[in-house]
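Q:
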Amino acid sequence: MALYPIITIWLPLLLLFPLLLLMKKKKDARRQNKRLPPSPPKLPIIGNLHQIGELPHQSLWRLSQKYGPVMLLHLGGIPTVILSSAEAAREAIKVHDLDCCSRPIMASTRRLTYNYKDMAFGPYSEYWREIRKIGVLEVFSVKRVQSYRYIREEEVSSLINSISQSSTSATLVDLSEKLFALTASIIFRVAFGKSFRGSDLDNEKFQELVHGAEALLGSFDASEYFPYVGWIMDRLSGRRQRLERVSHELHSFFQQVIDFHLSPDRTEQEHEDIIDVLLRIEREQNDPDRFTKDNIKAVLLNIFLGGVDTGAITMIWAMAELVKNPRVMKKAQDEVRNFVGNRGKVTEEDTDQLPYLKMIVKETLRLHPPAPLLLPRDTMKHFKINGYDIYPKTLLQINAWAIARDPAYWKNPEEFSPERFIDGSIDYKGQHFELLPFGAGRRGCPGIYMGTSTVELALANLLYVFDWKLPYGMKGENIDMEESVGLSLATHKKTALNLVPVKMF
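Count along the sequence shown starting at 1, add 58, and that's the number in the numbering used here.
#1: For residue 139 versus residue 153, is the C-beta distance shorter than 9 Å?
#2: For the alpha helix (DSSP H) containing residue 237, list its first residue and its last residue.
#3: Residue 551 by DSSP, collapsed to three states: which one?
#4: Is residue 229 buried or exposed, if buried means 16 or more other CB atoms sit within 10 Å of its CB?
#5: Who are the Cβ neighbours of residue 159 in its own chain at under 7 Å, not counting the five residues just before and after it?
#6: Identify whether residue 524 lies in helix, strand or coil by the three-state DSSP scheme.
#7: State the Cα-Cα distance for the pair residue 444 and residue 478, rounded to the nearest angstrom.
#8: For residue 131, report the span of its beta strand (DSSP E) as first-last.
#9: The ligand FMN and residue 474: does any heavy atom of the ligand fall closer than 8 Å to the residue's C-beta?
#10: Classify residue 537 as helix, strand or coil using the three-state DSSP reduction.
#11: Let me confirm a value: residue 529 is counted as buried when at least 16 other C-beta atoms fall within 10 Å, else exposed. Which label applies?
#12: Between which two residues does the alpha helix (DSSP H) harbouring residue 125 extend?
#13: Give me the Cβ distance between residue 496 and residue 486, rounded to the nearest whole Å; I'm assuming they're in contact under 8 Å.
#14: Residue 459 and residue 325: beta carbons closer than 9 Å?
#15: Can you check whether the CB of residue 335 is closer than 9 Å to the CB of residue 202?
#16: Per DSSP, what kind of secondary structure is residue 142 in: helix, strand or coil?
#17: Is the distance from the Cβ of residue 156 to the Cβ of residue 512 below 9 Å?
#18: With distance defined between alpha-carbon atoms, name the residue in 327, 376, 314, 391 nearest to residue 354.
#19: For residue 109, which residues from the same chain have a beta carbon less than 7 Å from its beta carbon, with the 5 sequence-adjacent residues on both sides left out?
#20: Can you look up residue 442 in the DSSP assignment and give me helix, strand or coil?
#21: Here's the rule I'm using: 16 or more other beta-carbon atoms within 10 Å means buried, otherwise exposed. How should residue 449 be labelled?
#22: Consult DSSP for residue 557 and reduce its assignment to one of helix, strand or coil.
#23: For residue 113, which of 559, 542, 394 has the nearest alpha-carbon?
#24: Let me make sure I understand the geometry here. Which of 248, 505, 297, 216 has the alpha-carbon closest to that of residue 205?
#25: Tell me where the beta strand (DSSP E) around residue 17 begins and ends.
#26: Using three-state DSSP, classify residue 324 as helix, strand or coil.
#27: With DSSP as the reference, label residue 230 as helix, strand or coil.
#28: Can you tell me whether residue 91 is buried or exposed? The criterion is at least 16 other CB atoms within 10 Å of its CB, across all chains shown.
#29: Restricting to Cα atoms, I'd like to know which of 238, 481, 317 is closest to residue 551.
#30: Can you round the beta-carbon distance between residue 582 and residue 308 to whole angstroms, since I take them to be within the 8 Å contact cut?
#31: How far does the alpha helix (DSSP H) with residue 437 in it reach, from first residue to last?
#32: Does DSSP classify residue 331 as helix, strand or coil?
#33: For residue 410, count neighbouring Cβ atoms within 10 angstroms of its own Cβ and tell me buried if that reaches 16, exposed if not.
#34: What residue range does the alpha helix (DSSP H) around residue 407 cover?
#35: May I ask you to report which of helix, strand or coil DSSP gives residue 366?
#36: Considering only residues of the same chain and omitting the five flanking positions on each side of residue 442, which have a CB-CB separation below 7 Å?
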């Protein structure tokens, strides 16, 4: 009888042992059959984080030169596959788009938006598809973007007038500062319907708030890379407290502008702004809980985070490249001045007749994509890229900067040469994987038309109205073209672009 308890405990385990052994053999066989992408040696706990420098896209490009265009890194506890070739990007975005079109929501993003469900471009789900549809068909539709044309033209005219005041005395103009202010003012008016200068809803104050949010989203999030303990690091560094403060301020700001739009004292507007559009969608829906004002705030946050800096960054790089390349500058100025004549300004309708200007924008986006690393994708199924196994819950990140400078696709890739696009066979709209400044597939940027319309209009007017000179004694080759990852993960020109405008019209 004394042996009975021992038998009842151990007999089932003895019977299960062959099964456990068989399962282990199968697991080992699966591991042996895996063909994971090549990976640099990693350190305990931090993985490959120590190999990522101040300019992550360049660090990853250097690693890809050794380990190939499909490379596996371990960033803390997060397995991440980096793609650095057009072929690999095509397999991910086109062939397997549905398998990797989800997006991880970092802890900082969840805190910044109160509820991860409210992120307009969050995980792939029915909610995300509905929000995406709203963005494509309502907020960023061609018809809607065209309805904001008068705002862009008014704000660009204001920019030109501001610069003209400096041109009379031949003083230096901080073009970087003015172009950031331009894009912020345009998006502010497009979203909110008016400029709130001088009130509590000041667009300059809001620009500072957006930059604060970008800084937090672009900074190191310890709680993501080191589960269970990272939150302590974020708390001790004060990052968690800053997130909560910025989140509260954004929430309050958006509530103010929504209340302003709902006020019975507000005069009827000729054109719907973005908040008008989103409030109309909320009113017309059948389920009142499906799309709420918190969802509206999340959509607005995405618009500002994605739109305030990127257009300005592109224009700054374009002007820097043009000043470095006087031949290209003159050719662009001749084109716009010959077409516009003595009318005094360039309209958006005119930009459609300026093919060389459009080539300049393409070449700028190739050499200086505002987002050199496309936002990461979260894989949902197992698939293969270039013969390597990619498993679920792996981050997938495309190095658009590396692809756009790959000599396999581009002749003299470091050279600024708009003429390379003269045959028009390559565009940036997501169909050509050697040029992906706006991404592609389900995760392609829905605001592409809005952004390029602003960039083309502003550049055309800057080239039409002014000749641009370098500071006295400075030559084109002396311009600092060094990159810097700014407040967000966008790649800025490290130093401000200061030029002397000479008014011609």
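All C-beta atoms, glycine included, are put in the ideal place defined by N, C-alpha and C.
Keep in mind the model is a prediction, meaning the values are calculated, not measured.
A: With the structure as the only source:
#1: For the purposes of this step, residue 139 is taken as the residue at position 81 of the sequence shown. For the purposes of this step, residue 153 is taken as the residue at position 95 of the sequence shown. Not a contact, by the Cβ cut-off of 9 Å.
#2: Numbered from 1 along the sequence shown, position 179 holds the residue referred to as residue 237. Counting along the chain, the alpha helix (DSSP H) containing residue 237 begins and ends at 233-250.
#3: Taking the first residue of the sequence shown as position 1, residue 551 is located at position 493. Strand at residue 551.
#4: Against the sequence shown, residue 229 aligns to sequence position 171. With fewer than 16 other Cβ atoms within 10 Å, it is exposed.
#5: Sequence index remark: in the sequence shown, residue 159 carries index 101 (1-based). Contacts found: 182, 435, 499, 500, 501.
#6: To locate residue 524, count along the sequence shown from 1; it is residue 466. The answer is strand: DSSP assigns residue 524 an E or B state.
#7: Counting from one through the sequence shown, the residue named residue 444 turns up at place 386. Counting from one through the sequence shown, the residue named residue 478 turns up at place 420. Distance between the alpha carbons of residue 444 and residue 478 is about 28 Å.
#8: For the purposes of this step, residue 131 is taken as residue 73 along the sequence shown, with counting starting at 1. First-last of the beta strand (DSSP E) with residue 131: 128-133.
#9: With respect to the ligand FMN, the structure offers nothing, as it holds no ligand at all.
#10: Stepping through the sequence shown from its first residue, residue 537 is reached at position 479. Coil, per DSSP.
#11: Residue mapping note: residue 529 aligns to position 471 of the sequence shown, counting from 1. Burial call: exposed.
#12: In the sequence shown, residue 125 corresponds to position 67, counting from 1. 114-125 is the span of the alpha helix (DSSP H), which, as asked, contains residue 125.
#13: For the purposes of this step, residue 496 is taken as residue 438 along the sequence shown, with counting starting at 1. For the purposes of this step, residue 486 is taken as residue 428 along the sequence shown, with counting starting at 1. Contact flag correct, Cβ pair sits at about 6 Å.
#14: For the purposes of this step, residue 459 is taken as the residue at position 401 of the sequence shown. For the purposes of this step, residue 325 is taken as the residue at position 267 of the sequence shown. The answer is no: Cβ separation not under 9 Å.
#15: Along the sequence shown, one-based indexing puts residue 202 at 144. Along the sequence shown, one-based indexing puts residue 335 at 277. Taking 9 Å as the cut-off, the beta carbon of residue 202 is found closer than this to the beta carbon of residue 335.
#16: Numbered from its first residue, the sequence shown carries residue 142 at position 84. In this structure, residue 142 counts as coil in the three-state DSSP scheme.
#17: The residue labelled residue 156 in the question sits at position 98 within the sequence shown. The residue labelled residue 512 in the question sits at position 454 within the sequence shown. Taking 9 Å as the Cβ cut-off, residue 156 and residue 512 do not qualify as a contacting pair.
#18: As a working note, residue 354 is residue 296 in the sequence shown. Of the listed residues, the one whose Cα sits closest to residue 354 is 314.
#19: Position 51 of the sequence shown, counted from the first residue, corresponds to residue 109. Within the same chain, Cβ atoms closer than 7 Å to the Cβ of residue 109 are found at 98, 117, 121, the five residues on either side in sequence being excluded.
#20: One-based indexing of the sequence shown puts residue 442 at position 384. Collapsing the DSSP output to three states places residue 442 in a strand.
#21: Counting from one through the sequence shown, the residue named residue 449 turns up at place 391. Counting Cβ neighbours within 10 Å, residue 449 comes out exposed, since fewer than 16 surround it.
#22: Within the sequence shown, residue 557 is the residue found at index 499, counting from 1. Residue 557: strand per DSSP, three-state reduction.
#23: Position 55 of the sequence shown holds residue 113. Closest in alpha carbon position to residue 113, among 559, 542, 394, is 542.
#24: Locating residue 205 in the sequence shown gives position 147, where the first residue counts as 1. Closest option to residue 205, Cα to Cα, is 248.
#25: The structure shown does not extend to residue 17, since the chain spans only 59 to 563, so no value can be given for it.
#26: In the sequence shown, residue 324 corresponds to position 266, counting from 1. In the structure shown, residue 324 sits in coil (DSSP, three-state: anything other than H, G, I, E or B).
#27: Looking up residue 230 in the sequence shown gives position 172. Coil.
#28: Taking the sequence shown and counting its residues from 1, one reaches residue 91 at position 33. Per the 10 Å Cβ criterion, exposed.
#29: The count along the sequence shown starts at 1 and reaches residue 551 at position 493. The candidate whose alpha carbon is nearest that of residue 551 is 238.
#30: Because residue 582 is not part of the residues shown, which for the chain are 59 to 563, the question remains open.
#31: For the purposes of this step, residue 437 is taken as residue 379 along the sequence shown, with counting starting at 1. Counting along the chain, residue 437 falls outside any alpha helix (DSSP H), and DSSP gives it neither H nor E.
#32: Along the sequence shown, read from residue 1 onward, the residue named residue 331 stands at position 273. Of the three classes helix, strand and coil, the one that applies to residue 331 here is coil, per DSSP.
#33: To locate residue 410, count along the sequence shown from 1; it is residue 352. By the 10 Å Cβ count, residue 410 comes out exposed.
#34: Sequence index remark: in the sequence shown, residue 407 carries index 349 (1-based). It spans 406-409 - the alpha helix (DSSP H) in which residue 407 sits, taken as one unbroken run.
#35: By 1-based counting over the sequence shown, the position of residue 366 is 308. Coil.
#36: By 1-based counting over the sequence shown, the position of residue 442 is 384. Counting only residues of its own chain and dropping the five nearest sequence neighbours on each side, residue 442 has a CB closer than 7 Å to the CB of 448.
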